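Visitor: I'd like to ask some things about the structure below.
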């Protein structure tokens, strides 16, 4: 209402006292009531549930910052996320990742070096200095490359199992020591060796079947069989890639982190990569290329130094020992980067596939103490 409407009605006598205004109708008040619902504004319907106070509408909820209790974001991961998580885990827990690989490789390489040294000095003492002496070098090469490779492979299998536990702990914001990572593999070590042996036998059988089929085609079909065999080679490579991803790639983390046996781990790896072959394969192949190039770059300088020193007039025994030592150092340097990074990337991909297929992020949130999104 305007202010003039509070005056007396028109036509009243000016000398007469102004009549009192009529009482307001029932339910009216002298002062208008405050607008209804003067209560704190409810959260906008379009905003996220549980928007924290003080946060602008339209921004991601602050709770999203808590979805990374450790090194791995608890959401489906991209290539950058996987590599970032791998570097975080290695950087913040170098003792349990790089340290375990270096320790295993150093021990594995020490034994063939000692064997090479013993044989080399024996051969060196019994040979004519003017003769063509190459036996010591052959013995050293065989000792380092064969026996050392076998020991290193066995040791790195254990490193892969330990790194799986380190990665899972890092996803929860925890940090395992080298001793704790080793203890975490207790009860699964023999199964781990059995799993790797079974996978190796399966891969060798695939290769043997292809070789037999190739030879049969060559003998039975003549020149046409040779053409068919060469044309089938890309198909065989594709089968090996399929076996690598669908059968070989994820069973180790599954065996170490789940309550499954050898065949159950293979089935879990097969199930987790179902429908995601190209994505898992692309990341695994890129990781293999990156680590191979990096390992080569790390060992080339050492190889050049080894060759120059070997040509400096060493005795056969000294040359054999030096080559064995150099090969061992090269293996240690290479394994210090290649083995931990490959194992961590594989374990992170295992976590990623479980997040995508099984809502594993919810379980990880619960285990890390996050109760809501």
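Residue numbers (full-length UniProt numbering): 1 to 373.
Backbone N, C-alpha and C fix where the C-beta goes; we use that ideal spot for every residue, glycine too.
Because the structure is a prediction, the values reported are computed rather than measured.
1) Under a three-way DSSP split, which group does residue 308 fall into?
2) Alpha carbon to alpha carbon, how far is residue 172 from residue 346? Give it in angstroms, no decimals.
3) If you follow the alpha helix (DSSP H) that residue 155 is in, where does it begin and where does it stop?
4) The alpha helix (DSSP H) with residue 174 in it runs from where to where?
5) For residue 185, which of 265, 102 and 256 has the nearest alpha-carbon?
6) Does any heavy atom of the ligand COA sit closer than 6 Å to the C-beta of residue 278?
7) Going along the chain, which residues of its own chain have a beta-carbon closer than 6 Å to the beta-carbon of residue 214, five neighbours each way excluded?
8) Does the distance from the C-beta atom of residue 339 to that of residue 101 stay below 7 Å?
9) Look at the Cβ atom of residue 85, then the Cβ atom of residue 71, and state whether they are nearer than 7 Å.
10) In this structure, does DSSP put residue 75 in helix, strand or coil?
11) Helix, strand or coil: how does DSSP classify residue 360 here?
12) Counting C-beta neighbours from all protein chains within 10 Å, is the total for residue 119 16 or more, i.e. buried, or is it exposed?
13) Verify whether the separation of the beta carbon atoms of residue 324 and residue 105 is less than 7 Å.
14) Just to confirm, are residue 112 and residue 148 a CB contact at a threshold of 7 Å?
15) Assuming residue 353 and residue 276 make a contact with CB atoms under 8 Å, what is their CB distance in whole Å?
16) Let me make sure I understand the geometry here. Which of 349, 166 and 258 has the alpha-carbon closest to that of residue 180?
17) How many angstroms separate the CA atom of residue 107 from the CA atom of residue 67?
18) Going by alpha carbons, who is nearest to residue 238 out of 210, 162, 267 and 153?
19) Looking at residue 350: is its Cβ nearer than 7 Å to the Cβ of residue 251?
20) At what residues does the alpha helix (DSSP H) containing residue 242 begin and finish?
21) Out of 263, 205 and 234, which has the shortest C-alpha to C-alpha gap to residue 194?
22) Return the CA-CA distance between residue 109 and residue 342, expressed in angstroms with no decimal places.
23) Since residue 257 is in the alpha helix (DSSP H), which residue starts that stretch and which ends it?
24) Buried or exposed: where does residue 301 fall if 16 or more other Cβ atoms within 10 Å of its Cβ makes it buried?
25) Count the other CB atoms within 10 Å of the CB of residue 197; is the residue buried (16 or more) or exposed (fewer)?
26) Specify, as a first and last residue, the run of the alpha helix (DSSP H) that residue 271 falls within.
27) Would you call residue 375 buried or exposed, if buried means 16 or more other Cβ atoms sit within 10 Å of its Cβ?
28) Closest Cβ-Cβ distance between residue 308 and chain B: below 7 Å?
29) Nearest-angstrom Cα distance between residue 299 and residue 220?
30) On the three-state DSSP scale, how would you describe residue 181?
31) Would residue 223 be called buried (16 or more neighbouring beta carbons within 10 Å of its own) or exposed?
32) Tell me whether residue 340 sits in a helix, a strand or coil according to DSSP, three-state version.
33) Tell me the DSSP secondary structure of residue 25 in three-state form.
34) Do residue 204 and residue 161 have their C-beta atoms within less than 7 Å of each other?
35) Report the residue from 330, 281, 282 and 308 whose alpha carbon sits nearest the alpha carbon of residue 296.
Guide: In terms of the structure at hand:
1) Here residue 308 corresponds to residue number 308 of the chain shown, with the count starting at 1. Helix, per DSSP.
2) To locate residue 346, count along the chain shown from 1; it is residue 346. To locate residue 172, count along the chain shown from 1; it is residue 172. Separation of residue 346 and residue 172 (C-alpha to C-alpha, rounded to the nearest whole angstrom) is 17 Å.
3) Here residue 155 refers to the residue found at position 155 when the chain shown is read from its first residue. That run of the alpha helix (DSSP H) goes 148-171.
4) Against the chain shown, residue 174 aligns to sequence position 174. Taken as a continuous stretch (DSSP letters only), residue 174 belongs to no alpha helix (DSSP H), as it is neither H nor E.
5) Here residue 185 is taken as the residue at index 185 of the chain shown, counted from 1. For residue 185, the nearest C-alpha among the options comes from 256.
6) Looking for the ligand COA in the displayed structure turns up nothing, as the structure carries no ligands at all.
7) The count along the chain shown starts at 1 and reaches residue 214 at position 214. Contacts found: 229.
8) Position 339 of the chain shown, counted from the start, is the residue given in the question as residue 339. Position 101 of the chain shown, counted from the start, is the residue given in the question as residue 101. A contact, by the Cβ cut-off of 7 Å.
9) Start at 1 with the first residue of the chain shown, and residue 85 comes out as number 85. Start at 1 with the first residue of the chain shown, and residue 71 comes out as number 71. Yes; because the gap between Cβ atoms is below 7 Å, this pair is in contact.
10) Position 75 of the chain shown, counted from the start, is the residue given in the question as residue 75. Look at residue 75 here: in three-state DSSP terms it is coil, with no helix or strand label.
11) What you label residue 360 is simply residue 360 of the chain shown in a count that begins at 1. If DSSP states are grouped into helix, strand and coil, residue 360 belongs with the helices.
12) Position 119 of the chain shown holds residue 119. Buried is the call here.
13) If you number the chain shown from 1, residue 324 lands on position 324. If you number the chain shown from 1, residue 105 lands on position 105. No; because the gap between Cβ atoms is not below 7 Å, this pair is not in contact.
14) By 1-based counting over the chain shown, the position of residue 112 is 112. By 1-based counting over the chain shown, the position of residue 148 is 148. By the CB criterion at 7 Å, residue 112 and residue 148 fall inside the cutoff.
15) The sequence position of residue 353 within the chain shown is 353, counting from 1. The sequence position of residue 276 within the chain shown is 276, counting from 1. Sure, about 6 Å apart at Cβ, within 8 Å.
16) The residue given as residue 180 occupies position 180 in the chain shown. Looking at the Cα atoms, 166 is the closest of the given residues.
17) Here the question's residue 107 lines up with position 107 in the chain shown. Here the question's residue 67 lines up with position 67 in the chain shown. The straight-line gap from Cα to Cα measures roughly 40 Å.
18) Locating residue 238 in the chain shown gives position 238, counting from the first residue. With distances taken between Cα atoms, residue 238 lies closest to 210.
19) For the purposes of this step, residue 350 is taken as the residue at position 350 of the chain shown. For the purposes of this step, residue 251 is taken as the residue at position 251 of the chain shown. Not a contact, by the Cβ cut-off of 7 Å.
20) The sequence position of residue 242 within the chain shown is 242, counting from 1. Residues 223-243.
21) Residue 194 sits at position 194 when you count from the first residue of the chain shown. Among 263, 205 and 234, the Cα nearest to that of residue 194 is on 263.
22) If you number the chain shown from 1, residue 109 lands on position 109. If you number the chain shown from 1, residue 342 lands on position 342. Taking the straight line joining both Cα atoms gives about 20 Å.
23) For the purposes of this step, residue 257 is identified with residue 257 of the chain shown, where counting begins at 1. Judged by DSSP secondary structure, residue 257 falls within the alpha helix (DSSP H) whose first and last residues are 251-257.
24) Counting from 1 along the chain shown, the entry for residue 301 is found at position 301. It counts as exposed.
25) Residue 197 sits at position 197 when you count from the first residue of the chain shown. Within a 10 Å sphere around the beta-carbon of residue 197 sit fewer than 16 other beta-carbons, which makes this residue exposed.
26) As a first step, residue 271 must be located in the chain shown, where it is residue number 271. Its alpha helix (DSSP H) spans residues 262-272.
27) Because the chain in this structure spans residues 1 to 373, residue 375 falls outside the shown range and cannot be described.
28) Protein chain content of the structure displayed is limited to a single chain, and chain B is not contained in it.
29) Within the chain shown, the letter at position 299 stands for residue 299. Within the chain shown, the letter at position 220 stands for residue 220. Between residue 299 and residue 220, the C-alpha separation is close to 46 Å.
30) For this step, residue 181 is matched to residue 181 along the chain shown. DSSP places residue 181 in helix when its eight states are reduced to three.
31) Residue mapping note: residue 223 aligns to position 223 of the chain shown, counting from 1. That one is exposed.
32) Working through the chain shown from its first residue, we reach residue 340 at position 340. In the three-state DSSP reduction, residue 340 falls in the helix class (H, G or I).
33) Here residue 25 refers to the residue found at position 25 when the chain shown is read from its first residue. Only weak support is given to the placement of residue 25: the predicted model assigns it a pLDDT of 46, under 50, and the value that follows is read from those uncertain coordinates. Correct three-state label for residue 25: coil.
34) What you label residue 204 is simply residue 204 of the chain shown in a count that begins at 1. What you label residue 161 is simply residue 161 of the chain shown in a count that begins at 1. Between residue 204 and residue 161, the C-beta spacing is not below 7 Å.
35) The residue labelled residue 296 in the question sits at position 296 within the chain shown. In terms of Cα proximity to residue 296, the closest of 330, 281, 282 and 308 is 330.
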